[in-house]
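Novice: In the working numbering, the protein residues as written are 35 to 347.
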Amino acid sequence: MEFDLIARIRDRAATREDVVLGIGDDAALLQVPADRQLVVAMDTLNAGVHFPQGTSPTDLGWKSLAVNLSDLAAMGAQPAWCTLSLSLPQADAAWLDGFLDGFLELAAQHDVALVGGDTTRGPLSVCVAVHGLVEPGRALRRDGACEGDEVWVTGTPGDAAAALAAMQAGAAVDRALRARLDRPTPRIAAGQALAGIASACIDVSDGLLADLAHVCAASSVGAGVELDALPVSPALARFRPDLRWPWQATGGDDYELCFTAPAGRHDAVLRALADAGGVAAVRIGLVEAGEGVRAIRPDGGVWEPASGGFRHF
Numbered sequence: 035m036e037f038d039l040i041a042r043i044r045d046r047a048a049t050r051e052d053v054v055l056g057i058g059d060d061a062a063l064l065q066v067p068a069d070r071q072l073v074v075a076m077d078t079l080n081a082g083v084h085f086p087q088g089t090s091p092t093d094l095g096w097k098s099l100a101v102n103l104s105d106l107a108a109m110g111a112q113p114a115w116c117t118l119s120l121s122l123p124q125a126d127a128a129w130l131d132g133f134l135d136g137f138l139e140l141a142a143q144h145d146v147a148l149v150g151g152d153t154t155r156g157p158l159s160v161c162v163a164v165h166g167l168v169e170p171g172r173a174l175r176r177d178g179a180c181e182g183d184e185v186w187v188t189g190t191p192g193d194a195a196a197a198l199a200a201m202q203a204g205a206a207v208d209r210a211l212r213a214r215l216d217r218p219t220p221r222i223a224a225g226q227a228l229a230g231i232a233s234a235c236i237d238v239s240d241g242l243l244a245d246l247a248h249v250c251a252a253s254s255v256g257a258g259v260e261l262d263a264l265p266v267s268p269a270l271a272r273f274r275p276d277l278r279w280p281w282q283a284t285g286g287d288d289y290e291l292c293f294t295a296p297a298g299r300h301d302a303v304l305r306a307l308a309d310a311g312g313v314a315a316v317r318i319g320l321v322e323a324g325e326g327v328r329a330i331r332p333d334g335g336v337w338e339p340a341s342g343g344f345r346h347f
C-alpha cells in the first residue's frame, strides 16, 4: 500500500528541467546552477500542535508547504525543489488526494518540483524540506541589523492567532481570519525584492516579538516595537487594542516577514515591495543599543505580554 501512495504522489507531481532524477529512486538528482548558492529549510507539522485536529487535508497540504517556503522568503531565495515525508494513521487515498490538491496548487504557483520523500504509518505528521537558490552574497540573514535601522513587518500579524483563539473558545471564527490560519501566504517575491536593501530578516512563525528577538540576538542589538504601529486587518480591527495586541505581537503562525533596513532606505523598501506585487509593509519600530525587544504602548510605557511567543518545548 505504501508504494501505491508513492505512485499516487509521483503521478501528480510536476517536474523541472533541473531535476535529473525525481521521485522513484533512492534519492533525487538535482542540477544546482554554478552561479547560485543552495538554500535549504525544513519544518515539521504535527496534528494538535501545529494545526488543529480536523483541518481539511487540502488546507494542510497548502500550509505544510507554505510554512517552509516562508523560510526561503526570509532568506531572499527563489524556491526550486522540495521533499515530503508523511506519517499517516492509515493509508487513505482520498485524504492523500485532498492533501496533494493544496500542496501542489501552491507548488505550482512558485514552480517548485516535488522530488522525493517518504510515507509511513503513525500519528498524523507532515515534514517538508525545501530547497531554493540565491546569488552568492545576496541571502538575507538574521545577523545584519544595526542600531538606528527601522523595523518593518509585512501583512497583518495576529489574524491567524485570533482565529485559533476563537476556535479554542468554541466561538464563531471569522472567515478571513480562518483563511489566514489555514492558508498563509509565503512572501517569496517580497523577500527577493528586499535583498540588497534589508539588513536582516526573519519570518514570523512563533510570534512577532519572539522572532524579532532572534534577529536582535544574532545582531547583538535590541529593538523597540510600537504597538500602535502594528498593522491591523479589517477583521482584527473590530477588537479593542488591548485584546488584539497579544495576537499581533506574540500569537505566531503569521508567516509574514519581519525585517530591518537603514532609515535612509525607507523609500527604497516601499518601492521594492511595490514592484514585488504590492506587498504591504509597515515600519513598526527601531533597532536600538542593548538587547531584547521592548513593546511600547501608545502612552510610552512598556507593555509586558503574558506570553513571549510560541514555545516548542
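Note that the Cβ used here is the ideal one computed from N, Cα and C, for glycine as well.
Mind checking which residues open and close the alpha helix (DSSP H) that includes Leu-130?
Specialist: One-based indexing of the sequence shown puts residue 130 at position 96. Note, Leu-130: alpha helix (DSSP H), 127 to 143.
Novice: Quick check: the Cα distance between Val-303 and Arg-155, rounded to an integer number of angstroms?
Specialist: Within the sequence shown, residue 303 is the residue found at index 269, counting from 1. Within the sequence shown, residue 155 is the residue found at index 121, counting from 1. One C-alpha to the other measures close to 47 Å.
Novice: Kindly identify the DSSP beta-bridge partner or partners of Asn-80.
Specialist: Start at 1 with the first residue of the sequence shown, and residue 80 comes out as number 46. In the DSSP output, where bridge partners are listed per residue, Asn-80 has Ser-159.
Novice: Whose C-alpha, out of Asp-333, Ala-295, Pro-86, Trp-96, is nearest the C-alpha of Phe-133?
Specialist: For this step, residue 133 is matched to residue 99 along the sequence shown. Here the closest residue by C-alpha is Trp-96.
Novice: Going by C-alpha to C-alpha distance, which of Arg-70, His-165, His-144, Arg-42 sits closest to Ala-62?
Specialist: In the sequence shown, the residue the question calls residue 62 occupies position 28. When only C-alpha atoms are compared, the closest one is His-165.
Novice: Would you kindly work out how many angstroms separate the C-alpha atoms of Ala-41 and Gly-230, rounded to a whole number?
Specialist: As a working note, residue 41 is residue 7 in the sequence shown. As a working note, residue 230 is residue 196 in the sequence shown. Going by the C-alpha atoms only, they are around 42 Å apart.
Novice: State buried or exposed for Phe-85, treating a residue as buried only when at least 16 other CB atoms are found within 10 Å of its CB.
Specialist: Locating residue 85 in the sequence shown gives position 51, where the first residue counts as 1. Burial is judged here by how many other beta carbons sit within 10 angstroms of a residue's own beta carbon; Phe-85 has at least 16 and is buried.
Novice: Just reading off the beta strand (DSSP E) that Ile-318 is part of, what are its end residues?
Specialist: Walking along the sequence shown from the start, residue 318 turns up at place 284. Ile-318 -> beta strand (DSSP E) spans 315 to 322.
Novice: Using 8 Å as the Cβ pair cut-off and three pairs as the minimum, do the stretch 117 to 131 and the stretch 65 to 72 touch?
Specialist: no
Novice: Quick one: using the 10 Å Cβ neighbour count with 16 as the cut-off for buried, is Ala-205 buried or exposed?
Specialist: Within the sequence shown, residue 205 is the residue found at index 171, counting from 1. Ala-205 comes out exposed.
Novice: What three-state label does DSSP hand Asp-309 in the structure shown?
Specialist: The sequence position of residue 309 within the sequence shown is 275, counting from 1. Looking at Asp-309 - three-state DSSP - the assignment turns out to be helix.
Novice: Is the distance from the Cβ of Ala-75 to the Cβ of Pro-218 below 8 Å?
Specialist: Here the question's residue 75 lines up with position 41 in the sequence shown. Here the question's residue 218 lines up with position 184 in the sequence shown. It is not a contact, given that the beta carbons lie outside the stated cut-off.
Novice: Work out the CA separation of Ser-239 and Val-327 for me, nearest whole Å.
Specialist: Reading the sequence shown from its first residue, position 293 is the one you call residue 327. Reading the sequence shown from its first residue, position 205 is the one you call residue 239. The alpha-carbon atoms of Val-327 and Ser-239 are separated by roughly 16 Å.
Novice: Suppose only complete runs of 4+ residues qualify. What are the alpha helix (DSSP H) ranges in the stretch 229 to 296, listed by chain order?
Specialist: 242 to 253, 275 to 284
Novice: In this structure, does DSSP put Ala-114 in helix, strand or coil?
Specialist: Numbered from its first residue, the sequence shown carries residue 114 at position 80. Here Ala-114 sits in strand by DSSP.
Novice: Can you give the beta carbon distance from Leu-265 to Val-187, rounded, assuming they're within the 8 Å contact cut?
Specialist: Here residue 265 is taken as the residue at index 231 of the sequence shown, counted from 1. Here residue 187 is taken as the residue at index 153 of the sequence shown, counted from 1. Per the sequence presented here, residue 265 reads as Pro, with Leu not at that position. With 8 Å as the limit, Pro-265 and Val-187 qualify as a contact, their Cβ atoms being about 7 Å apart.
Novice: Got a sec, what are the start and stop residues for the alpha helix (DSSP H) Gly-95 sits in?
Specialist: The sequence position of residue 95 within the sequence shown is 61, counting from 1. Element bounds for Gly-95: 91 to 108.
Novice: Between Phe-347 and the rest of its own chain, which residues show a CB-CB distance below 7 Å, the 5 nearest in sequence each way excluded?
Specialist: Here residue 347 refers to the residue found at position 313 of the sequence shown. Because Phe-347 sits at a pLDDT of 36, beneath the cut-off of 50, its placement in the model cannot be relied upon, and the point is left open.
Novice: So, under 8 Å CB-CB, Arg-46 and Leu-138 are touching, yes? Tell me the CB distance rounded to an integer number of Å.
Specialist: Here residue 46 refers to the residue found at position 12 when the sequence shown is read from its first residue. Here residue 138 refers to the residue found at position 104 when the sequence shown is read from its first residue. Indeed they touch by this definition, with Cβ atoms about 6 Å apart.
Novice: Could you tell me which residues DSSP pairs with Arg-328 in its beta bridges?
Specialist: Residue mapping note: residue 328 aligns to position 294 of the sequence shown, counting from 1. DSSP lists Gly-258 as partners of Arg-328.
Novice: When the Cα of Ala-213 is compared with those of Ala-224, Gln-202, Ala-197, Met-201, which residue comes out closest?
Specialist: On the sequence shown, position 179 is the one that residue 213 refers to. Closest by alpha carbon: Ala-197.
Novice: Just curious, the alpha helix (DSSP H) that Leu-211 is in, first and last residue?
Specialist: In the sequence shown, residue 211 corresponds to position 177, counting from 1. Segment 209 to 216, the alpha helix (DSSP H) holding Leu-211.
Novice: Which two residues bound the contiguous alpha helix (DSSP H) that contains Leu-198?
Specialist: To locate residue 198, count along the sequence shown from 1; it is residue 164. Counting along the chain, the alpha helix (DSSP H) containing Leu-198 begins and ends at 193 to 202.
Novice: On the three-state DSSP scale, how would you describe Leu-55?
Specialist: For this step, residue 55 is matched to residue 21 along the sequence shown. Note: Leu-55 maps to strand in three-state DSSP.
Novice: Just to confirm before moving on: does the CB-CB distance between Gly-58 and Arg-70 stay below 8 Å?
Specialist: Within the sequence shown, the letter at position 24 stands for residue 58. Within the sequence shown, the letter at position 36 stands for residue 70. Between Gly-58 and Arg-70, the gap from beta carbon to beta carbon reaches 8 Å or more.
Novice: State buried or exposed for Val-149, treating a residue as buried only when at least 16 other CB atoms are found within 10 Å of its CB.
Specialist: Taking the sequence shown and counting its residues from 1, the one referred to as residue 149 is at position 115. Val-149 comes out buried.
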